[in-house]
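Residue numbers (my numbering): 0 to 193. We put the beta carbon where it would ideally sit given N, CA and C, even for glycine. Because the structure is a prediction, the values reported are computed rather than measured. Comments concern the structure below.
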Amino acid sequence: MISSCEGFMYKVSTAMRLYHFDAKGFTLIELVIVVVLLSMLAAVALPRFLNVTQEAEVAVVKSTGGAFSTGLLIAKTKWELSSNKQAYLDMDEDGTPETIFNAKGFPIGISGDGNTALSDINNEGEAGHDACSEILTHVINLSGVTVIPADANGKCSSGDFCAKAMGNNECIYTYKNSKNFIKYKANTGEVLYQ
């Protein structure tokens, strides 16, 4: 009886050795299932993520545009309260009146010393772009947001907003080469953004 039991055990152990393998990874079917599930998750999540990103860009433009509009009202009030409606005022509180105002009380240019105009938004090319950039940064405190004047070709390679002088006393601030922008009309002080 013992020998038949030993023989049976020998056969069982031999069979187990023949059919036994060490599982050290995923099977092909498991990998396919994981890839399919991740693809489905990406297909659902990616459009939502892109939509959130676009909404965030619009929010940055709207909040900056709203702050700029409010800052212009403060600038106009400061201009109206100044003696003799001065053309040069210190908007960024650094001690130098470098912001130039038009006769209606809206910023149109910059000065280095408070006496001589460096550029205004009607200048052609980089000088006008620089004036637009400086107006925005002098009127509001842009903590964490950068405004770069466009180059001679009207392009910016960095920054959050690209400032361009459009002529006719207008500036446009484009957000990161997107369709979102802020438009400033110095004749009326109007700020449009989308």
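Of the listed residues Y87, H137, D91 and T136, nearest to T115 (C-alpha basis): Within the sequence shown, residue 115 is the residue found at index 116, counting from 1. The option with the nearest alpha carbon to T115 is Y87.
Contact between the stretch 140 to 157 and the stretch 183 to 193 is defined here as three or more beta-carbon pairs at a separation below 8 Å; is this criterion met? no
For A66 and E189, what's the separation of their Cα atoms in angstroms? Here residue 66 refers to the residue found at position 67 when the sequence shown is read from its first residue. Here residue 189 refers to the residue found at position 190 when the sequence shown is read from its first residue. The straight-line gap from Cα to Cα measures roughly 13 Å.
Are the Cβ atoms of V138 and M90 separated by less than 9 Å? Here residue 138 corresponds to residue number 139 of the sequence shown, with the count starting at 1. Here residue 90 corresponds to residue number 91 of the sequence shown, with the count starting at 1. In contact: V138 and M90 (Cβ atoms closer than 9 Å).
Just verifying my parser: in three-state terms, what is the DSSP assignment at I120? Within the sequence shown, numbered from 1, the residue matching residue 120 stands at position 121. In the structure shown, I120 sits in coil (DSSP, three-state: anything other than H, G, I, E or B).
Go through the stretch 74 to 161 residue by residue and report every complete run of the beta strand (DSSP E) that reaches 3 residues or more, in order. 98 to 100, 106 to 110, 116 to 119 and 146 to 148
With 16 other Cβ atoms within 10 Å as the buried cut-off, status of P46: Translated into the one-based positions of the sequence shown, residue 46 becomes position 47. Exposed.
If we call anything under 9 Å between Cβ atoms a contact, is N121 one with A74? Counting from 1 along the sequence shown, the entry for residue 121 is found at position 122. Counting from 1 along the sequence shown, the entry for residue 74 is found at position 75. No. Outside cutoff.
Alpha-carbon spacing of K175 relative to G104, whole angstroms: For the purposes of this step, residue 175 is taken as the residue at position 176 of the sequence shown. For the purposes of this step, residue 104 is taken as the residue at position 105 of the sequence shown. Roughly 30 Å between the two C-alpha positions.
Beta-ladder partner(s) of I171, from DSSP: By 1-based counting over the sequence shown, the position of residue 171 is 172. Answer is K163 and K182.
When you compare only the Cα positions, how much space is there between E97 and A44? Counting from 1 along the sequence shown, the entry for residue 97 is found at position 98. Counting from 1 along the sequence shown, the entry for residue 44 is found at position 45. Approximately 49 Å, taken between the alpha carbons.
Excluding the 5 residues preceding and the 5 following D93 in the sequence, name in chain order all residues of the same chain whose CB lies nearer than 8 Å to its CB. Within the sequence shown, the letter at position 94 stands for residue 93. Excluding sequence neighbours, D93 sits near nothing in its chain.
Name the one or two DSSP bridge partners that V190 has. Numbered from 1 along the sequence shown, position 191 holds the residue referred to as residue 190. Answer is Y183, bridged to V190.
Who are the Cβ neighbours of S118 in its own chain at under 7 Å, not counting the five residues just before and after it? Residue mapping note: residue 118 aligns to position 119 of the sequence shown, counting from 1. Answer for S118: G108, I109, A126, G127, D129 and A130, listed in chain order.
What number of angstroms, rounded off, separates the C-alpha of E56 from the C-alpha of G113? Within the sequence shown, numbered from 1, the residue matching residue 56 stands at position 57. Within the sequence shown, numbered from 1, the residue matching residue 113 stands at position 114. Their backbone Cα atoms lie some 36 Å apart in a straight line.
Pull up the CB-CB distance for V60 and Y192, whole angstroms please, since I reckon it's below 8 Å. Start at 1 with the first residue of the sequence shown, and residue 60 comes out as number 61. Start at 1 with the first residue of the sequence shown, and residue 192 comes out as number 193. Indeed they touch by this definition, with Cβ atoms about 5 Å apart.
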